[in-house]
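Trainee: If you scroll down you'll find the structure; I have some questions about it.
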Amino acid sequence: MKITVIGSGYVGLVTGACLADLGFKVVCMDKDEDKIKSLQDGEVPIYEPGLKELLNRNRADGRIRFTHDACEAIEHGDIVFIAVGTPPSEDGSADLGHVLSVASTIGRYLKGFKLVVNKSTVPVGTADKVRAAISHELTHRGMSMDLFDVISNPEFLKEGAAIDDFMRPDRIVVGLDDGPHKARSQRMMGDLYASFNRHHARTVWMDVRSAELTKYAANAMLAARISFMNEIANLADVLDADVDHVRRGIGADSRIGYSFLYAGCGYGGSCFPKDAQALVSAAKAHGHKMAVVSATEWVNERQKTVLVERLVQRVGSNLTGRKIAIWGLAFKPNTDDMREAPSRLVIRQLLELGAQVCAFDPVAGEHAMLALTQDMSPDVSLLKNFSLASTDMLALEGADALMVLTEWKNFHNPDFEAMKSLMRKPYILDGRNLYNPEALSELGIAYQGIGRRNDLAQWLDFADSKDMHPTDHAVDA
Ligand SMILES: NC(=O)c1ccc[n+]([C@@H]2O[C@H](COP(=O)([O-])OP(=O)(O)OC[C@H]3O[C@@H](n4cnc5c(N)ncnc54)[C@H](O)[C@@H]3O)[C@@H](O)[C@H]2O)c1
3 MKITVIGSGY
13 VGLVTGACLA
23 DLGFKVVCMD
33 KDEDKIKSLQ
43 DGEVPIYEPG
53 LKELLNRNRA
63 DGRIRFTHDA
73 CEAIEHGDIV
83 FIAVGTPPSE
93 DGSADLGHVL
103 SVASTIGRYL
113 KGFKLVVNKS
123 TVPVGTADKV
133 RAAISHELTH
143 RGMSMDLFDV
153 ISNPEFLKEG
163 AAIDDFMRPD
173 RIVVGLDDGP
183 HKARSQRMMG
193 DLYASFNRHH
203 ARTVWMDVRS
213 AELTKYAANA
223 MLAARISFMN
233 EIANLADVLD
243 ADVDHVRRGI
253 GADSRIGYSF
263 LYAGCGYGGS
273 CFPKDAQALV
283 SAAKAHGHKM
293 AVVSATEWVN
303 ERQKTVLVER
313 LVQRVGSNLT
323 GRKIAIWGLA
333 FKPNTDDMRE
343 APSRLVIRQL
353 LELGAQVCAF
363 DPVAGEHAML
373 ALTQDMSPDV
383 SLLKNFSLAS
393 TDMLALEGAD
403 ALMVLTEWKN
413 FHNPDFEAMK
423 SLMRKPYILD
433 GRNLYNPEAL
443 SELGIAYQGI
453 GRRNDLAQWL
463 DFADSKDMHP
473 TDHAVDA
């Protein structure tokens, strides 16, 4: 069985690389010529651990190749995956422009039977639209309507651990509808994923509409857990409790579990925000309200502003002459993806308040610069106060505060004494709850996490004339 993957981004490349590694002959296609050229040259335009090695090994062994030619790509595969983006439209609904454009292209070039598999995250009913777009082209060409089937196989990988997620899936969701090709499509998908079902059956078979909804439900549920914990964390701050103890206390309950219970400065990425909005919008189009999902997004947007609010409470709202260091720009560790990253809003707020911002991220610096330029366009003058440091420590030089926005492993155990000597003020606003509040207090570092007893940072005085140390300080905390 030969495989075509249309759309060579995070999902398309991981799907292509992993299926090639399982022995299938794969062609990855993209409309972006530069991307295809760099893939052909052995470069990988995105950062995903292990992906470059996997692609290059399978390319060298002749199991995967890359093309910009849609006709060649569609001719190749028995199975044609659609893995293009579904970005949010202005009203929050999923923009299906790329998906339907690919569907039309498939209809234009299809000759023999193709199993068209939707891997992009798409609203319920999209498979019908894909079917219609392909049929439209076939009618135009005077060809039989019987040459294809459209099914759903949503992707659940996490950026940063995408290869492992694809190769060791918790489950594989496949949605098929009754029709003349159902048995053939089911057999083909069964063969495709046989390696993952050897130990026990991981494929969950269902109808197409349920599969489409499953993907949104999964992302909305995970996002809701994060927003829930952020609300608990904000309450913990008010009540002088520690959310990390609460997290352990509730995570130990097997009905709840530990995953996605970390409080922080908000979720980002290409999936949670856009998929939550798309779900709300799809429900609205059918006269329904998604109260929990709407609140999840609302809480998240608010949560992205918490660190700057805290800084302003301590330092005042005029940050002119202040330097703020940022550790972490990508929306999560082990990726260079800046889509909806909380750092974008945080940096914009800091610059608007007059701060100088110096940031370090192990891989996302270049992407961050592009994203920030896009955010601030057409007036990018604020960016003159933004710079990228080549190391985490260099970002700290002369800083009045450090904000930790991404939990890269490199940031887990820094040299706090060195940090203190580099910073003008030893003040850490930890948006990912990486550090121990008591330990930092003992080191003379003012620390504020998310829901971590933030009174611990109250002693730090920002009036420049009278620097205080916790030991000088008796009553203020
Ligand atoms: N990134 C994730 O973690 C993740 C996880 C699960 C599901 N998804 C879903 O998978 C889909 C793809 O996401 P992604 O992150 O890989 O997006 P991406 O933006 O990284 O990649 C999409 C690619 O599709 C290409 N493309 C667009 N239109 C095309 C066309 N007409 N023909 C050929 N190529 C075309 C783009 O050039 C781009 O390279 C989305 O629906 C997303 O919601 C993403």
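Note that the numbering used here has the sequence shown beginning at 3, numbered continuously upward. All C-beta atoms, glycine included, are put in the ideal place defined by N, C-alpha and C.
1) Taking 7 Å as the cut-off, is the C-beta of Asp394 nearer than that to any heavy atom in ligand 1?
2) Is Glu303 near ligand 1, in the sense that its beta carbon is under 7 Å from a heavy atom of that ligand?
3) Is Glu139 near ligand 1, with its Cβ less than 7 Å from a heavy atom?
4) Along the chain, where does the alpha helix (DSSP H) that runs through Ile349 open and close?
5) Along the chain, which unbroken stretches of the beta strand (DSSP E) at least 3 residues long are found entirely within the region 168-220?
6) When the Cα atoms are used, what is the spatial distance from Pro364 to Ser345?
7) By how many angstroms is the C-alpha of Arg312 removed from the C-alpha of Ala479?
8) Starting from the Cα of Ala19, find the closest Cα among Ile349, Ile234, Phe168 and give me that residue.
9) Counting Cβ pairs closer than 8 Å, one from the region 255-275 and one from the region 428-445, do we hit at least three?
10) Among Phe68, Leu102, Ile153, Val126, which one has its Cα closest to the Cα of His138?
11) Measuring only the C-alpha atoms, how far is Thr480 from Gly99?
12) Nearest-angstrom Cα distance between Phe115 and Ala22?
13) Quick one: what does DSSP say Arg244 is sitting in, helix, strand or coil?
14) When you compare the region 169-178 with the region 191-202, are there three or more beta-carbon pairs, one atom per stretch, that lie closer than 8 Å?
15) Please find out if some non-hydrogen atom of ligand 1 comes closer than 7 Å to the beta-carbon of Tyr12.
16) Check Cys73 in the structure and name its three-state DSSP category.
17) Give a yes or no on whether the C-beta atoms belonging to Ala225 and Ala163 are separated by under 8 Å.
18) With a threshold of 7 Å, establish whether the CB of Gly270 neighbours any heavy atom of ligand 1.
19) Does His414 pass the burial test, meaning 16 or more other C-beta atoms within 10 Å, or should it be called exposed?
20) Give me the DSSP bridge partner(s) of Tyr260.
21) Report the partner residues of Ile328 according to the DSSP bridge assignment.
22) Can you tell me which of the three DSSP states Pro90 falls into?
23) Since Val126 and Val104 should fall inside the 8 Å C-beta cutoff, what is the C-beta to C-beta distance between them, to a whole number of angstroms?
24) Can you determine whether any heavy atom of ligand 1 sits closer than 7 Å to the C-beta of Ala85, and answer yes or no?
25) Look at the alpha carbon of Ile5 and the alpha carbon of Val82, and state the distance between them as a whole number of angstroms.
26) Any beta carbon of chain D sitting closer than 8 Å to that of Ser212?
27) Keeping to the same chain, check which residues put their C-beta closer than 7 Å to that of Lys291; ignore five residues upstream and five downstream.
28) From the DSSP output, in three-state form, read off Ile5 for me.
Mentor: Working from what's here:
1) Numbered from its first residue, the sequence shown carries residue 394 at position 392. Because no heavy atom of ligand 1 lies under 7 Å away, the Cβ of Asp394 does not count as near it: no.
2) Your numbering for residue 303 matches position 301 in the sequence shown. No.
3) Translated into the one-based positions of the sequence shown, residue 139 becomes position 137. The answer is no for Glu139.
4) Start at 1 with the first residue of the sequence shown, and residue 349 comes out as number 347. Its alpha helix (DSSP H) spans residues 344-354.
5) 174-177, 205-208
6) The sequence position of residue 364 within the sequence shown is 362, counting from 1. The sequence position of residue 345 within the sequence shown is 343, counting from 1. Taking the straight line joining both Cα atoms gives about 14 Å.
7) The residue given as residue 479 occupies position 477 in the sequence shown. The residue given as residue 312 occupies position 310 in the sequence shown. Confidence at Ala479 is low in this model, with a pLDDT of 27, below 50, so its placement is unreliable and no value can be given for it.
8) Counted from its first residue, the sequence shown places residue 19 at position 17. Measuring from the Cα of Ala19, the nearest candidate turns out to be Phe168.
9) With contact defined as three or more Cβ pairs closer than 8 Å, the region 255-275 and the region 428-445 are in contact.
10) The count along the sequence shown starts at 1 and reaches residue 138 at position 136. Ranking Phe68, Leu102, Ile153, Val126 by Cα distance to His138 puts Leu102 first.
11) Because residue 480 is not part of the residues shown, which for the chain are 3 to 479, the question remains open.
12) Translated into the one-based positions of the sequence shown, residue 115 becomes position 113. Translated into the one-based positions of the sequence shown, residue 22 becomes position 20. One C-alpha to the other measures close to 21 Å.
13) Counting from one through the sequence shown, the residue named residue 244 turns up at place 242. For the sequence presented, residue 244 should be read as Asp rather than Arg. Here Asp244 sits in strand by DSSP.
14) yes
15) What you label residue 12 is simply residue 10 of the sequence shown in a count that begins at 1. Checking the Cβ of Tyr12 against ligand 1 gives yes.
16) In the sequence shown, residue 73 corresponds to position 71, counting from 1. Helix, per DSSP.
17) As a first step, residue 225 must be located in the sequence shown, where it is residue number 223. As a first step, residue 163 must be located in the sequence shown, where it is residue number 161. No, these two residues do not count as a Cβ contact at 8 Å.
18) Residue mapping note: residue 270 aligns to position 268 of the sequence shown, counting from 1. Look at Gly270: its beta carbon is at least 7 Å from all of the heavy atoms in ligand 1.
19) Taking the sequence shown and counting its residues from 1, one reaches residue 414 at position 412. Looking at its Cβ environment, which holds fewer than 16 other Cβ atoms inside 10 Å, His414 is exposed.
20) The residue you call residue 260 lines up with position 258 of the sequence shown. DSSP links Tyr260 through a beta bridge to no other residue.
21) Position 326 of the sequence shown, counted from the first residue, corresponds to residue 328. The partner list for Ile328 (beta bridge, DSSP) reads Ala361, Met405.
22) For the purposes of this step, residue 90 is taken as the residue at position 88 of the sequence shown. DSSP places Pro90 in strand when its eight states are reduced to three.
23) Looking up residue 126 in the sequence shown gives position 124. Looking up residue 104 in the sequence shown gives position 102. Incorrect: roughly 19 Å between the Cβ atoms, too far for contact.
24) Within the sequence shown, the letter at position 83 stands for residue 85. Yes, since a heavy atom of ligand 1 falls inside the 7 Å radius drawn around the Cβ of Ala85.
25) Working through the sequence shown from its first residue, we reach residue 5 at position 3. Working through the sequence shown from its first residue, we reach residue 82 at position 80. Taking the straight line from one Cα to the other gives about 6 Å.
26) In the displayed structure, chain D is absent; only one protein chain is listed.
27) Along the sequence shown, one-based indexing puts residue 291 at 289. Same-chain partners within the cutoff: Ala285.
28) Position 3 of the sequence shown holds residue 5. Strand, per DSSP.
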